[in-house]
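K.L.:
Protein chains in written order, with my numbering: chain A, 2 to 169; chain B, 6 to 1094. Think of the CB as a built atom: it goes at the ideal place given N, C-alpha and C, for glycine as much as any other residue. This structure is in structure tokens; I'll ask about it shortly.
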């Protein structure tokens, strides 16, 4: 495919949205194959570092979905999730991640149609943004190491510090 | 029949939510259960509902875990497509003849892939969708059905009706179709029988006044429920059925087939329709906020927990209109759209029509016909015309609606009535199964118990409560045979794989052609073989088939695999099966990981085979990355102390105590008053006309003479320690029942200072706790209460009845004022019992003095269920009902020794003054708001002060905190029969724990690394189950505990949600089976695509 195909990490709670995804399957509702699902007991289980890790490892988007507020299998888990995600989303968008890369939704296990719809929306919104540009892990190559330790580089504080330490 | 020969099995007739709950309670407490269901799968009406009131929870979401539990339960045998033909024998030893229709599909072979239904040419009305869509002649009733096995509807199948076709047999990849299947007659041996056949909805067809037959736009509430449902015929989009246009105005007509002896013989109230109409109106408005929703009602009956506030929100927040009027009839008006309008509206309609066509394309012929009819009548719009009396203007108003929903009531099916008559079970005049106030789940025939709507119209929580009660009563009768017929899973030894290098086996499933037709299964297998730690790969045609399971288990042993991955369908349905397979090969079941390449792969990417194959490879790689980090997890055993504490010695507490004591458990009742009985001590008669003092007296004497029950009166709880299975409750009490005769505890306790000298402290160890602390009657502060002895509360009136007070017979005129302290701003809930209580009290007064003038001043009369018949009787006997509203409350005055009540008559709209000799204030039921007790057992109170149950629908007698249960008025106001049923249900829940003696903790739970923990306590505040705590030194040990002040997780209480883990700032918590490392490994490895 010539067009850019986004890679989207999707984390679903076992009781509601994972069930909705199963129902979408049973009902044969089609959606694009760009998502990779990770099943967790509750959206409250998802910690901010998983979102960061997804971007860090090169995901173009992330989608987290749980039970509707009030429907949580664990009573209150999705409320914590909602609060945490909103904070993190604002923070990441402040730091350059575009709107439309991070998605949260609440889909009950009876909403197969909604699952397929949201999946399509998520994939399309990330597709429009193109590949992710921020928070991506870069491998250090030899050049990086050299420049890091290059004494002559006036901007290199690390090298300076090491040298000063050695001198002392 | 002697007690020794009772049969330890129970038959549950009906697989709705009531039957399901009863079956689970019994099967989990040592009895074998046969569940006989007439349709191909269980679930009943609840499975058809979109949402449940008052919280608008998704019905299927909360129900499906229960369905799956029943389907997989080793001690529940599902007998579907079956009905009871005859019953022989007596209590403890019945023989039941069951007729089971042929399914024509071999349940052991069917893999529910749906290939047969796809190829089946015959379309049939889909009853799950209330006939609004089509299914095939081979079908499962709904996608989440249990058992998830297809069935052939032989009445419609072309192979059976015409001898042709045979497509399904040709298509079925598993060879499951069996046209030679035969009907069967079974004989089941059981000790008790629970009847839970549920209800039918009233059919308005044939009644011209409802216009139901004439217009598609008049629908029943169950049809509308399906329209609202995302899994329904319109995928949740509400359109006007006649032309699929967007509706603007919807009306609900209440009491269709209920409270009606003219068009039908249903004099009773159906109890649930007011709430479901509110729910449907709210959901419809959420779909489209511009929608105008109007509910036409006689009395709004929102008498349950959380109902009144839902009603208030519907009015105030959602803008739903409520009009008090029983609409007489409706008819269709057709309107020709002129050209100009046609351009505007027509274009919108066209779009809608296209959408509509698209959405119903796969659901068949009928819809196709419908759209043909539409195109012919394109320029004609249908409206439903309602003429109603508007109270405010005093005029008859004509209004047009796009859709009219008939809020149809509940009826008992003729088959159920016939069966009841055949086996000699008494029915009420309305055709429900007869029970008594003090034994609300026992029928008139020994050994037969009942739950759900067949006992009287009711909602889901009340059905679930009765299911618990019925299970309790059915089980108690068979206590001698407990655990005699149940099966147990054999204990298996696990191979210790700790320290072994991971050896992963990957099994990729074809699922016939379900997966293999899209995904290149062999390529996925070969790819898996290249992944690190993968030792073995294979494909299976059907991984779930018995021979494939055996094969997998052998390979795991042979290749010494210590991790297993199956790439197939959903872990939600199949994980337990494969875990079992792994376990049979001696490997810990938590070393299994499932990859969903069917529901999340081949089925949803059918036009992208390459991408779907790539996705399958990625998902397998992610699973391998996780599985190498998996560890064997232990499920620890926890002993359950076999003693019980019941807090509260009223009717509920005593019933719960007696239920468990009868099953052989030692029960301690803690009562703060000096005697047992609670509020019932002052009550006269139940709505079922049972004498309460007599019933209470019997119960109290059974309690005090019961060898397994110890009563602590005048007792107070000082401290509670521990958790499920191991509570320690310290009480101060002056005596227990063994010494009661010798002890003057009542005199001691009446003097507060003196009490301390007589009290002694006692610590009780117990495994479960039942909270039955009750509630009390509000002392009114209005209507001159306390200023004149002729003004009494409802309970004070009952005392006068009990004492046969001459003032009652002497009174010439009596007035009742309803909603005193209820349904007001400061106390918004409805107290549920006062309407029925006032009506029956008025009837008693009439019996004492037929010439007495009696007036009941009310806001809505809420005589739900068959109590409606009392209301009818009261009106027939000349009791006058005058409605008032909150803005114009009655005024009470005393002048010249006369007691006058002024009220604005709702018909005359003029003030009238009634002179009364007796004024009864139907005062609210108020909870004790016992925060101390709530703290002790870590259970929540709601804003009104009632205890909050674990789940408003499906766990009304349980707390979210394990091992603590709830019943009676402490939960919500309720009459005696409902309190008793709930007490039995709470006891039944407790029995589920007690009968196991030990419980297993879950493997996938949180764990603290105390060396990293900072003791901040965030985990304590986020956990809804009180599983984390901070370690405290035991003073008696005289030395500090290691890691004092750091968190620890009680593995018994942890449910494994992981909220604490993701909230821990120090990273000290891990969730076994879903730990950070494992999930991050999946994220990391996901990205190589």
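CB-CB under 7 Å to residue 518 (chain B), same chain, minus the five flanking residues each way: which ones, in chain order?
P.N.:
On the second chain, position 513 is the one that residue 518 (chain B) refers to. So the qualifying residues of the chain are 178.
K.L.:
So, is residue 494 (chain B) buried or exposed, given that buried needs 16 or more other C-beta atoms within 10 angstroms?
P.N.:
Position 489 of the second chain holds residue 494 (chain B). With fewer than 16 Cβ atoms within 10 Å of its Cβ, residue 494 (chain B) is classed as exposed.
K.L.:
Could you tell me whether the Cβ of residue 595 (chain B) comes closer than 8 Å to any Cβ of chain A?
P.N.:
The residue labelled residue 595 (chain B) in the question sits at position 590 within the second chain. Judged by the 8 Å Cβ criterion, residue 595 (chain B) is not in contact with chain A.
K.L.:
Could you tell me the distance, in whole angstroms, from the CA atom of residue 640 (chain B) to the CA atom of residue 536 (chain B)?
P.N.:
Along the second chain, one-based indexing puts residue 640 (chain B) at 635. Along the second chain, one-based indexing puts residue 536 (chain B) at 531. In a straight line, the C-alpha of residue 640 (chain B) is about 31 Å away from that of residue 536 (chain B).
K.L.:
Return the residue from the list A:106, A:118, A:93 that minimises the CA-CA distance to residue 135 (chain A).
P.N.:
On the first chain, residue 135 (chain A) is found 134 positions in, with the first residue counted as 1. Answer by Cα proximity: A:93.
K.L.:
Can you tell me where the beta strand (DSSP E) holding residue 201 (chain B) begins and where it ends?
P.N.:
Residue numbering aside, residue 201 (chain B) sits at position 196 when the second chain is read from its first letter. Where residue 201 (chain B) is concerned, there is no enclosing beta strand (DSSP E), given that its DSSP letter is neither H nor E.
K.L.:
Cutting at 6 Å between CB atoms, please list the residues of its own chain near residue 1061 (chain B), excluding the five before and the five after it.
P.N.:
As a first step, residue 1061 (chain B) is located in the second chain; it is residue number 1056 there, counting from the start. For residue 1061 (chain B), where only same-chain residues beyond five positions count, the Cβ hits under 6 Å are 1007, 1009, 1010.
K.L.:
Entirely within the stretch 90-170 of chain B and at least 3 residues each: give me those beta strand (DSSP E) ranges in chain order.
P.N.:
98-105, 128-130, 139-141
K.L.:
Using alpha carbons as the reference points, say which of B:263, B:932, B:660 lies closest to residue 462 (chain B).
P.N.:
Numbered from 1 along the second chain, position 457 holds the residue referred to as residue 462 (chain B). Closest by alpha carbon: B:263.
K.L.:
Taking the alpha-carbon positions, what's the residue 107 (chain A) to residue 55 (chain A) distance?
P.N.:
Counted from its first residue, the first chain places residue 107 (chain A) at position 106. Counted from its first residue, the first chain places residue 55 (chain A) at position 54. Looking at the two C-alpha atoms, the distance is approximately 20 Å.
K.L.:
What's the gap between the Cα of residue 585 (chain B) and the Cα of residue 594 (chain B)?
P.N.:
For this step, residue 585 (chain B) is matched to residue 580 along the second chain. For this step, residue 594 (chain B) is matched to residue 589 along the second chain. Rounded to the nearest angstrom, the two C-alpha atoms are 7 Å apart.
K.L.:
In its own chain, which residues sit with a C-beta less than 7 Å from the C-beta of residue 396 (chain B), not counting the 5 before and 5 after it?
P.N.:
Position 391 of the second chain, counted from the first residue, corresponds to residue 396 (chain B). If we look at residue 396 (chain B) and ignore the five residues flanking it on each side, its Cβ neighbours are 329.
K.L.:
Thinking just about the alpha-carbon of each residue, which of B:1073, B:629, B:644 is nearest to the one in residue 732 (chain B)?
P.N.:
Here residue 732 (chain B) corresponds to residue number 727 of the second chain, with the count starting at 1. Residue 732 (chain B) has its Cα closest to that of B:644, out of B:1073, B:629, B:644.
K.L.:
In whole angstroms, what separates the C-alpha of residue 749 (chain B) from that of residue 719 (chain B)?
P.N.:
Here residue 749 (chain B) corresponds to residue number 744 of the second chain, with the count starting at 1. Here residue 719 (chain B) corresponds to residue number 714 of the second chain, with the count starting at 1. No answer about residue 749 (chain B) holds up, because its pLDDT of 39 lies below 50 and its placement is not dependable.
K.L.:
Answer yes or no: do residue 698 (chain B) and residue 663 (chain B) have a C-beta to C-beta separation smaller than 8 Å?
P.N.:
On the second chain, residue 698 (chain B) is found 693 positions in, with the first residue counted as 1. On the second chain, residue 663 (chain B) is found 658 positions in, with the first residue counted as 1. No, these two residues do not count as a Cβ contact at 8 Å.
K.L.:
I need the straight-line Cα distance from residue 935 (chain B) to residue 950 (chain B), nearest angstrom please.
P.N.:
Residue 935 (chain B) sits at position 930 when you count from the first residue of the second chain. Residue 950 (chain B) sits at position 945 when you count from the first residue of the second chain. The alpha-carbon atoms of residue 935 (chain B) and residue 950 (chain B) are separated by roughly 8 Å.
K.L.:
Just to confirm the assignment: which complete beta strand (DSSP E) runs, minimum length 3, are found wholly within the stretch 793-871 of chain B?
P.N.:
796-798, 818-825, 858-863
K.L.:
Quick one: which unbroken beta strand (DSSP E) runs of 3-plus residues sit fully inside the stretch 471-543 of chain B? Chain order, please.
P.N.:
509-514
K.L.:
Should the stretch 248-261 of chain B be called in touch with the stretch 401-415 of chain B, which here means at least 3 C-beta pairs below 8 Å?
P.N.:
Cβ pair count under 8 Å is three or more, so yes.
K.L.:
With a threshold of 8 Å on Cβ separation, who are the neighbours of residue 864 (chain B) within its own chain once the five nearest residues in sequence on each side are excluded?
P.N.:
By 1-based counting over the second chain, the position of residue 864 (chain B) is 859. Here the set comprises 823, 824, 828, 888, 889, 890, 891.
K.L.:
Please classify residue 72 (chain A): is it buried, with 16 or more other beta-carbons within 10 angstroms of its beta-carbon, or exposed?
P.N.:
Residue mapping note: residue 72 (chain A) aligns to position 71 of the first chain, counting from 1. Under this definition residue 72 (chain A) is a buried residue.
K.L.:
Do residue 806 (chain B) and residue 1058 (chain B) have their CB atoms nearer than 8 Å?
P.N.:
Position 801 of the second chain, counted from the start, is the residue given in the question as residue 806 (chain B). Position 1053 of the second chain, counted from the start, is the residue given in the question as residue 1058 (chain B). No, Cβ-Cβ distance for residue 806 (chain B) and residue 1058 (chain B) is not below 8 Å.
K.L.:
Should residue 39 (chain A) be flagged as near chain B, meaning a C-beta pair shorter than 8 Å?
P.N.:
The count along the first chain starts at 1 and reaches residue 39 (chain A) at position 38. By this cut-off, residue 39 (chain A) is an interface position.
K.L.:
Give a yes or no on whether the C-beta atoms belonging to residue 137 (chain B) and residue 209 (chain B) are separated by under 8 Å.
P.N.:
Looking up residue 137 (chain B) in the second chain gives position 132. Looking up residue 209 (chain B) in the second chain gives position 204. Contact: no.
K.L.:
List, from N- to C-terminal side, the alpha helix (DSSP H) runs of 4 residues or more that fit wholly inside the stretch 880-939 of chain B.
P.N.:
none
K.L.:
What residues from chain A crowd round residue 144 (chain B), counting only those whose CB sits closer than 9 Å?
P.N.:
Here residue 144 (chain B) is taken as the residue at index 139 of the second chain, counted from 1. Going along chain A, no residue has its Cβ under 9 Å from residue 144 (chain B), so there is no contact; the nearest lies around 13 Å.
K.L.:
Spell out a yes or no on whether the stretch 626-637 of chain B and the stretch 603-611 of chain B are touching, meaning 3 or more CB-CB pairs, one atom from each, closer than 8 Å.
P.N.:
no
K.L.:
Is it the case that the stretch 278-285 of chain B contacts the stretch 305-316 of chain B, given that we only count it when at least three CB pairs across the two stretches are under 8 Å?
P.N.:
yes
K.L.:
Can at least three beta-carbon pairs, one atom from the stretch 160-172 of chain B and one from the stretch 90-103 of chain B, be found at a separation below 8 Å?
P.N.:
no
K.L.:
I want to verify the contact list: residues of chain B whose CB lies under 7 Å from the CB of residue 76 (chain A), in sequence order.
P.N.:
Locating residue 76 (chain A) in the first chain gives position 75, counting from the first residue. Near residue 76 (chain A) (Cβ distances below 7 Å), the residues of chain B are 965, 1029.
K.L.:
At a Cβ threshold of 8 Å, is residue 72 (chain A) touching chain B?
P.N.:
Taking the first chain and counting its residues from 1, one reaches residue 72 (chain A) at position 71. Yes, its Cβ sits closer than 8 Å to a Cβ of chain B.
K.L.:
Report the residue from B:1077, B:798, B:509, B:477 whose alpha carbon sits nearest the alpha carbon of residue 988 (chain B).
P.N.:
Within the second chain, numbered from 1, the residue matching residue 988 (chain B) stands at position 983. Closest by alpha carbon: B:477.
K.L.:
For chain A, find out if any of its Cβ atoms is closer than 8 Å to the Cβ of residue 109 (chain B); answer yes or no.
P.N.:
Taking the second chain and counting its residues from 1, one reaches residue 109 (chain B) at position 104. Not an interface residue.
K.L.:
Are the Cβ atoms of residue 1090 (chain B) and residue 627 (chain B) separated by less than 8 Å?
P.N.:
Within the second chain, numbered from 1, the residue matching residue 1090 (chain B) stands at position 1085. Within the second chain, numbered from 1, the residue matching residue 627 (chain B) stands at position 622. Cβ atoms of residue 1090 (chain B) and residue 627 (chain B): closer than 8 Å.
K.L.:
Using the beta-carbon of each residue, which ones in chain A are nearer than 8 Å to residue 1062 (chain B)?
P.N.:
The residue labelled residue 1062 (chain B) in the question sits at position 1057 within the second chain. Those are 42, 43, 45, 46, 74, 75, 78, listed as they occur along chain A.
K.L.:
Figure out for me which residue from B:506, B:338, B:297, B:389 has the closest Cα to the Cα of residue 326 (chain B).
P.N.:
Against the second chain, residue 326 (chain B) aligns to sequence position 321. The candidate whose alpha carbon is nearest that of residue 326 (chain B) is B:297.
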